[in-house]
Structure formats: structure tokens, C-alpha cells
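Under the numbering used here, the first residue of the sequence shown is numbered 342, with each subsequent residue one higher.
By construction, the Cβ of each residue, glycine as well, lies at the ideal position given by its N, Cα and C atoms.
Given the structure is predicted, the values throughout are model-derived calculations rather than measurements.
Just below is one structure, and these are the notes that go with it.
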Amino acid sequence: MTATPTLSGSQTLKDRLGTLETIQDVGFYSLVFLAQALGKHDTTSQPCQLTVISNGMQEVIGGELNAPEKAMVLGAVQIIPKEYPHITCRSIDLDFDVDHPVTMPSATTVLAELRTPITEPAIAYRGGYRWVRTFEQVTLPAVNPDQLRLKPQGVYLITGGLGGIGLEIATYLAETVQAKLVLISRSPIPPRATWLQWLAEKDSDNPTSHKIRKVQEMEDLGAEVLICCADVTDYQGMERAIAQAHTQFGGIHGVIHGAGVAGGGLIQLKTRAIATEHMACKLQGTLILDVLLQDCELDFVVLFSTLNTVQPAVGQVDYCAANAFLDAFAWAQTATRDSLTISINWNGWQKVGLAAAAARNPRLAHNYRNFDDFLSPAEGVEAFARILHQPFPQVLVSTTDLQVKLQETRSEFDNHPPDPTPTPTKASLTTAASTPTTTIHSRPNLSIPYIAPRNHDEQTVVEIWQNILGIEPIGINDSFLELGGDSLIATQIVTRLREVMASHLSVASLFETPTIAMLVASVKESRQPKSPTPDSQSNEREEIEL
Numbered sequence: 342m343t344a345t346p347t348l349s350g351s352q353t354l355k356d357r358l359g360t361l362e363t364i365q366d367v368g369f370y371s372l373v374f375l376a377q378a379l380g381k382h383d384t385t386s387q388p389c390q391l392t393v394i395s396n397g398m399q400e401v402i403g404g405e406l407n408a409p410e411k412a413m414v415l416g417a418v419q420i421i422p423k424e425y426p427h428i429t430c431r432s433i434d435l436d437f438d439v440d441h442p443v444t445m446p447s448a449t450t451v452l453a454e455l456r457t458p459i460t461e462p463a464i465a466y467r468g469g470y471r472w473v474r475t476f477e478q479v480t481l482p483a484v485n486p487d488q489l490r491l492k493p494q495g496v497y498l499i500t501g502g503l504g505g506i507g508l509e510i511a512t513y514l515a516e517t518v519q520a521k522l523v524l525i526s527r528s529p530i531p532p533r534a535t536w537l538q539w540l541a542e543k544d545s546d547n548p549t550s551h552k553i554r555k556v557q558e559m560e561d562l563g564a565e566v567l568i569c570c571a572d573v574t575d576y577q578g579m580e581r582a583i584a585q586a587h588t589q590f591g592g593i594h595g596v597i598h599g600a601g602v603a604g605g606g607l608i609q610l611k612t613r614a615i616a617t618e619h620m621a622c623k624l625q626g627t628l629i630l631d632v633l634l635q636d637c638e639l640d641f642v643v644l645f646s647t648l649n650t651v652q653p654a655v656g657q658v659d660y661c662a663a664n665a666f667l668d669a670f671a672w673a674q675t676a677t678r679d680s681l682t683i684s685i686n687w688n689g690w691q692k693v694g695l696a697a698a699a700a701r702n703p704r705l706a707h708n709y710r711n712f713d714d715f716l717s718p719a720e721g722v723e724a725f726a727r728i729l730h731q732p733f734p735q736v737l738v739s740t741t742d743l744q745v746k747l748q749e750t751r752s753e754f755d756n757h758p759p760d761p762t763p764t765p766t767k768a769s770l771t772t773a774a775s776t777p778t779t780t781i782h783s784r785p786n787l788s789i790p791y792i793a794p795r796n797h798d799e800q801t802v803v804e805i806w807q808n809i810l811g812i813e814p815i816g817i818n819d820s821f822l823e824l825g826g827d828s829l830i831a832t833q834i835v836t837r838l839r840e841v842m843a844s845h846l847s848v849a850s851l852f853e854t855p856t857i858a859m860l861v862a863s864v865k866e867s868r869q870p871k872s873p874t875p876d877s878q879s880n881e882r883e884e885i886e887l
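See the structure below:
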């Protein structure tokens with residue numbers, strides 16, 4: 342990763358989007374596709390270390406972070422070990438100039454680091470000194486009315502403005518300074534002239550009705566509200582929306598970039614198209630906003646990021662990567678611009694927002710068992726108000742002791758990859774399918790009906806799944822993914838199946854045949870003797886296509 346773009350206004354949007362795509366290819370996607378290749382070729386018995394070397398990606402001494410796009414690799418570096426337990430990763434950011442050869446001290450530094458155990462996901466070297474990222478807990482004071490960074494009747498643009506969190510923040514601005522609000526939403530809303538009829542005809546819990554009532558509430562508080570239907574990744578659409586805001590309100594004083602798409606899905610199943618779609622709002626959307634608003638004298642730009650950038654979660658590689666870019670972008674802007682740019686790493690919000698929606702989804706709820714720790718809307722708004730009036734480029738919001746959580750994350754990097762699976766003993770064979778490893782929960786409401794196992798092999802696999810997933814009963818057509826399975830769980834299941842069924846299953850095979858019926862059929866087929874072909878006898882080298 343040696344491309345070094347600048348953030349100067351002289352770069353066109355086309356240049357910046359091209360740089361973004363190039364860095365995605367050589368950084369983020371290279372790591373994702375490498376992990377997929379290693380998973381496909383079943384390297385679980387071979388511990389593996391991946392190290393990414395970059396420059397210009399971390400802000401340490403001030404002013405050296407000139408390529409925030411590179412920070413996307415931190416998403417992959419932190420999520421890959423969670424989904425592939427035999428792989429450890431780290432990022433090393435150096436302070437060398439790509440226009441000059443790497444000096445001997447830099448090379449020596451890298452080689453020395455490679456010989457040390459991985460204890461941190463991200464490391465930086467500046468002037469020969471080794472730096473690791475830490476976070477300091479602070480208590481932000483309440484904001485007095487005379488300390489507000491907000492202007493009375495100021496003009497504030499909010500992307501994702503009709504989303505749950507966007508509406509809460511907009512209501513706060515309406516109540517506090519009777520703001521002129523520009524709410525950007527990808528989803529259309531009925532014309533104002535039809536609102537009364539809409540509310541009369543629709544159920545009270547209709548999502549669109551809720552949005553209309555929230556806008557009416559803002560206007561009752563003294564705000565003026567302009568609703569623009571635009572996709573933040575569409576330059577022309579955003580250009581029209583911003584032009585309309587200038588025409589109606591005369592200018593824009595602050596921006597809150599809250600648009601986003603919740604990422605999801607294991608790395609092994611991730612396609613480029615899916616990842617690109619999940620990341621576009623935060624990547625291309627941020628750059629488009631920056632270009633379109635570069636001539637505005639903004640008082641602040643607030644970027645909505647997530648705690649997942651420091652508390653990585655299984656299935657969130659693209660989401661984590663996109664938000665890591667936002668964090669780095671805020672630091673880069675702070676170093677090069679006079680206006681304040683803040684990235685807020687949000688804890689989940691209760692009732693509203695992407696995390697709350699995911700927590701209510703039966704297929705995703707297993708990832709959000711700490712829902713009670715989420716922020717209430719009132720707490721979230723109060724946190725926003727306090728953060729807006731302090732000078733930090735990045736603030737993490739957590740309802741629990743974040744230092745404890747961060748230490749738990751570090752401890753995962755301290756652990757070396759597991760040793761190759763030992764040859765099972767007779768005792769392990771008899772207990773492999775019967776020893777529970779977690780609390781058992783009842784079967785969730787799945788998309789297909791329960792079907793009991795029909796033979797001994799299916800019964801054996803059912804017992805393994807139930808014990809490891811902590812769900813009972815599990816049917817032979819129940820989807821591993823719908824049950825909450827991930828690569829970490831898949832590794833445990835495959836290890837048990839190898840012991841009990843004398844199979845050579847790979848972790849990838851569990852995603853390719855994600856039901857017990859399909860998996861047992863695949864195992865039986867693999868047991869059938871196959872005559873070797875001349876090609877298979879002579880070709881002893883395994884090639885992994887990246």
C-alpha cells in the first residue's frame with residue numbers, strides 16, 4: 342500500500358474516487374480475497390500471520406495522515422482473526438516517503454516487528470519509535486446555552502436525515518436553535534400536501550407516518566425543514582439537494598453525515614459487489630460531500646462511525662472498514678482544514694438506528710445480545726450535544742467500561758493461533774458429540790419448518806450443532822447461517838465432525854452445504870472411492886488463486 346493521495350482541493354472528485362478504488366484493491370480487497378482463499382483451501386491446521394505495511398495511514402505526531410482511504414485495511418486486519426481463528430493479523434504504518442527507497446532503518450524495524458508476537462492490531466513507527474493506539478476516558482461537561490457551537494436558526498444538513506438517529510438529532514437542533522434543517526434521505530416521502538390524508542389513512546405505527554409526525558414536531562418547535570430525496574453516493578443528486586438548500590436557506594453552517602448501510606455477512610461469503618454496496622455511503626458519500634461543500638464556511642462536520650472499529654465483530658468486515666475510513670478522514674481533515682471535523686464512534690442506540698433494527702431481526706439478534714447496553718435516544722442526543730462542543734477529532738461513546746472491552750480485544754491478539762488438531766483418542770471420539778459447550782436455548786423462529794434427523798449420521802451432526810450453537814432442537818434443513826453460525830463456530834463444528842465422522846471437511850464446506858442434510862450427503866459422497874487420474878497423480882503442487 343504505497344499510493345499516497347493528498348486531500349487538497351486541487352484533486353477532482355474523479356481523481357479522489359479513482360484513488361479510493363485503487364487503495365481498496367491493493368489494501369482491503371486483497372486481504373479479504375486472501376482470507377477467502379485460505380478458508381477455501383482449508384488451512385485451519387496451519388497457523389498463519391498476515392502483516393500489512395503502509396504509510397500515511399495513522400495520525401501520530403500530527404500531519405502525517407494523508408491517505409485515510411488506507412485505513413480500510415484495519416477493518417480486515419481486525420475482523421479476519423475473528424472469523425478465521427488460525428489467522429492473526431497486524432498493521433504496521435511507517436513514516437517513509439514512497440518517492441525514496443526504503444531506508445535500512447525502516448527495513449530493520451519491519452523485520453524486527455515481524456519477529457515479535459502479534460499483540461496489537463495496529464502499530465505505527467515514527468522517527469524510530471514504536472507507537473500503539475490507546476484511548477483515554479474523559480467525562481464531557483454539559484453544555485451551557487452560551488457555549489453552543491450551533492447558530493440560532495442555523496442551517497444544518499443531515500444525511501440519513503429521516504432515519505431513526507437522524508430524526509432524533511434533527512429534533513434536538515429544532516428544539517435548541519430552531520434550526521433550518523436539510524434532511525437528506527434516499528427513501529422518498531409523500532408530498533406535504535398529502536400528509537394529513539396519509540396520517541388519517543395509515544396505521545399509527547406506519548414507518549412513513551412516524552417520519553411525517555417527527556417533521557411536524559420539528560416545525561412546531563420553530564424549525565424549517567427541507568426534505569430532499571437523494572442518494573449520498575449520487576453526485577448529481579446531492580448537487581441538486583445542496584443547491585436547493587442554498588436557494589431556500591442561503592447557505593449551510595454544519596453537516597452531519599449519518600447515512601449508512603449496515604454491513605453483514607461472513608468474509609468467506611462476501612463478494613465485491615456486496616461489500617461495495619455496504620461501504621459506499623461512508624466512502625464515496627463522504628468524498629462527494631467534501632467536494633460539494635468545499636466552498637462553504639462550515640462550523641463543523643460530524644461523521645457517524647461505530648465502536649466496531651475498536652471492538653470488531655464477526656460478520657462486520659465491510660462495515661468496520663468503512664467506519665475506520667471515517668475515523669481516519671476526521672483526523673486528516675482536522676490536520677488540514679480550519680473547520681472542525683469529528684468522527685463519533687457510537688455505541689448502539691435503543692429503538693432507533695441500524696443496530697436497533699438488526700437487534701429486532703430474529704436472524705441477526707444473536708449478534709446483539711447486549712441490547713440493554715445500548716444508548717437510549719435521550720442519552721444519544723445528550724452525548725451528541727456534548728461532543729459537538731469539544732475539540733477532539735474522534736470520540737468513542739460507550740455505555741460500559743470501554744477499557745475492559747479493549748483489553749478483551751487485545752487479549753485475542755495476544756493468543757497465538759491454535760496448534761494443529763491432534764489425533765483424536767477413543768475417549769474424545771465418544772464424547773465429541775455429547776459434551777455441551779454453552780447454554781442451550783430454544784429453536785428460534787426460522788424460515789423453514791423443523792424436520793427431525795432420519796438416520797444415525799444426521800443425529801450425530803444434529804447433536805454437535807446443538808451443543809456448539811447452544812440451540813435445541815435443530816432440524817436437518819435448518820440453515821447454519823440463519824441459526825447464527827459464523828466462521829469461528831464453523832471451525833469448532835468442523836473440528837468435531839472430523840473427529841466423529843473421519844471426514845476431511847473444510848470450514849468453507851460448511852458454508853457451501855449449510856444444512857445438516859446437505860452436509861451429511863456431502864460427507865457420504867466424499868467417502869466414495871475415486872480412481873486417481875493421471876493429472877491428479879502428477880500434479881503435487883497446490884495453487885491458491887487470489
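In the DSSP annotation of this structure, the continuous segment of the alpha helix (DSSP H) that includes Q800 starts and ends at H797 to L810. When only Cα atoms are considered, C389 and W536 end up about 59 angstroms apart.
Contact between I817 and E799 holds, with the beta-carbon distance rounding to 5 angstroms and staying under 8 angstroms. For E565, the enclosing beta strand (DSSP E) stretches over residues E565 to C570. The beta carbon of D572 sits closer than 6 angstroms to those of R527 and G578, all from its chain and outside the five residues before and after it, given in chain order.
C430 sits in a strand when the DSSP states are folded into three classes. One alpha carbon belongs to L634, the other to F715, and they sit about 33 angstroms apart. DSSP assignment within the region 497–546 yields the following whole beta strand (DSSP E) runs of 3 residues or more, N-terminal first: 521–526. Around the CB of I433, 16 or more other CB atoms lie within 10 Å, so the residue is classed as buried. Take the alpha-carbon of R456 and the one of S395: they are about 18 angstroms apart. When the five nearest sequence neighbours on each side are left out, the beta carbons in the same chain lying within less than 6 angstroms of the beta carbon of T450 are those of Y466, in order along the chain.
Considering only T363, W806 and I568, the residue with the shortest C-alpha distance to G501 is I568. By the Cβ neighbour-count rule, A793 is exposed, with fewer than 16 other Cβ atoms within 10 Å of its own.
Counting only runs that start and end inside the region 366–413, the beta strand (DSSP E) elements of at least 3 residues fall at 389–396.
The beta carbons of E405 and L361 sit about 20 angstroms from each other, so the pair does not count as a contact at 8 angstroms. Setting aside the 5 residues that flank it on each side, A726 is surrounded in the same chain by V484, each with a C-beta closer than 6 angstroms to its C-beta; the list follows chain order. In this structure, V835 and S847 form a Cβ contact; the two beta carbons are roughly 7 angstroms apart against a cut-off of 8 angstroms. DSSP places N664 in the uninterrupted alpha helix (DSSP H) bounded by V658 to T677. Between I583 and G721, the CB-CB gap reaches or exceeds 8 angstroms. DSSP lists Y466 as the beta-bridge partner residues of R471. Pairing P548 with E542, the inter-Cα distance amounts to about 13 angstroms.
By the 16-neighbour rule on beta-carbons within 10 angstroms, H782 is exposed. Scanning the region 597–648 from its first residue to its last, the whole beta strand (DSSP E) runs of 3-plus residues come out as 641–647. Counting along the chain, the unbroken alpha helix (DSSP H) around L361 starts and ends at L354 to I364. Contact between the region 617–624 and the region 545–561 is absent: fewer than 3 CB-CB pairs across the two stretches fall below 8 angstroms. Take L379, set aside five residues on each side of it, and the residues of its chain with a beta-carbon closer than 8 angstroms to its own are C389, Y425, I428 and I885, in chain order. Here the alpha carbons of G592 and V479 stand approximately 34 angstroms from one another. For V736, the uninterrupted beta strand (DSSP E) run begins and ends at Q735 to L737, by DSSP. Take the alpha-carbon of D668 and the one of L415: they are about 11 angstroms apart.
Just so you know, the alpha carbons of A453 and I683 end up roughly 35 angstroms apart. In the DSSP annotation of this structure, the continuous segment of the alpha helix (DSSP H) that includes L729 starts and ends at P718 to L729.
Residue environment: E509 is assigned as buried (16 or more neighbouring CB atoms within 10 Å of its CB, all protein chains considered).
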